[in-house]
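Under this note's numbering, the first residue of the sequence shown carries the number 276, and numbering increases by one thereafter.
Worksheet: one structure, shown below.
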Amino acid sequence: MENQKKSTTQINHYPETSYKVRFSDCDPFRHLNNARYLDYCLHAREEHLKQFYDVDLNLFAKQGAAWVISGHEIQYLRPVMLGEEIRIRTALLDFNLTSIWVEMSIWDQAGQELKAVLWTQFVPVSVLSGKKKEHTEEMMALFEQIKVVNEPDLESMNLTKRISQLLQKNNAIVEVSI
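Below, the structure is given as structure tokens:
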């Protein structure tokens, strides 16, 4: 897999994709089903990898490499409604030889109302053996290019603090509704 080298100034560290919420993804109250938040976010990240970083997960799978999810942390802040246009923003927060941490946030179409934030940890595995493996040098170099700069420090940050940071950074509106 060849990746074009891009300077850090050309890299979009927070790519976004717009979606319209479908009927089949909603509960009887016309809210996006909680489990579907994960699907929407993971689909968006896969699209962002391909579109913005020239990373095709299918090619890695054919080469015997994949990433599995080892954990999620999510906070639902506002309901996402049937037919609503939303934006999903993703970012690589951190990485090491055996894990990557990705943030995925759902916003209203204007990017002013934060709906949910998801942190996911991925672990590289061999498709052939099913065992954990280390990232290649090529992947580590790519991660270094696309990782967000100057935020957040995961060792001192939790998801609640990160949500406050995102809201301040984007002058966003949130009123937690359950």
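Glycine included, each C-beta is placed from N, C-alpha and C at the ideal position.
If you're wondering where the values come from, they're calculated on a predicted model, not measured in any experiment.
Our two residues, Gly346 and Val398, have alpha carbons roughly 9 Å apart in a direct line. The alpha-carbon separation between Ser404 and Lys337 amounts to approximately 14 Å. DSSP places Ser299 outside any alpha helix (DSSP H), giving it a letter other than H or E. Here Leu368 is near Trp376, since their CB atoms are less than 9 Å apart.
C-alpha of Lys407 to C-alpha of Asn425: approximately 29 Å in a straight line. Tyr294 is not a Cβ neighbour of Glu378, given a cutoff of 9 Å.
Restricted to the stretch 290-376, the beta strand (DSSP E) segments that are unbroken, complete and at least 3 residues in length are 291-295, 340-351 and 360-371, listed in chain order.
In this structure, the straight-line span from the alpha carbon of Ile381 to that of Glu412 is close to 32 Å. Straight-line measurement puts the Cα of Asp331 at about 13 Å from the Cα of Gly339.
Residue range Leu389 to Ser401 is occupied by the beta strand (DSSP E) that includes Leu393. Setting aside the 5 residues that flank it on each side, Cys301 is surrounded in the same chain by Leu307, Asn308 and Leu357, each with a C-beta closer than 7 Å to its C-beta; the list follows chain order. For the options Glu291, Arg305 and Phe335, the alpha carbon positioned closest to that of His318 is the one of Glu291.
Buried is the label assigned to Thr365, since at least 16 other Cβ atoms lie within 10 Å of its Cβ.
Judged by beta-carbon spacing, Cys316 lies within the 9 Å limit of Ile363, meaning their Cβ atoms are closer than that value. For Ser380, the secondary structure class from DSSP, reduced to helix, strand or coil, is strand. In the assembly as shown, Thr395 is a buried residue. Its beta-carbon has 16 or more other beta-carbons within 10 Å. Here DSSP, grouped into helix, strand and coil, assigns Lys444 to helix. Inclusion of Arg353 and Ala385 in the CB contact set at 9 Å is not warranted, their separation being larger than that value.
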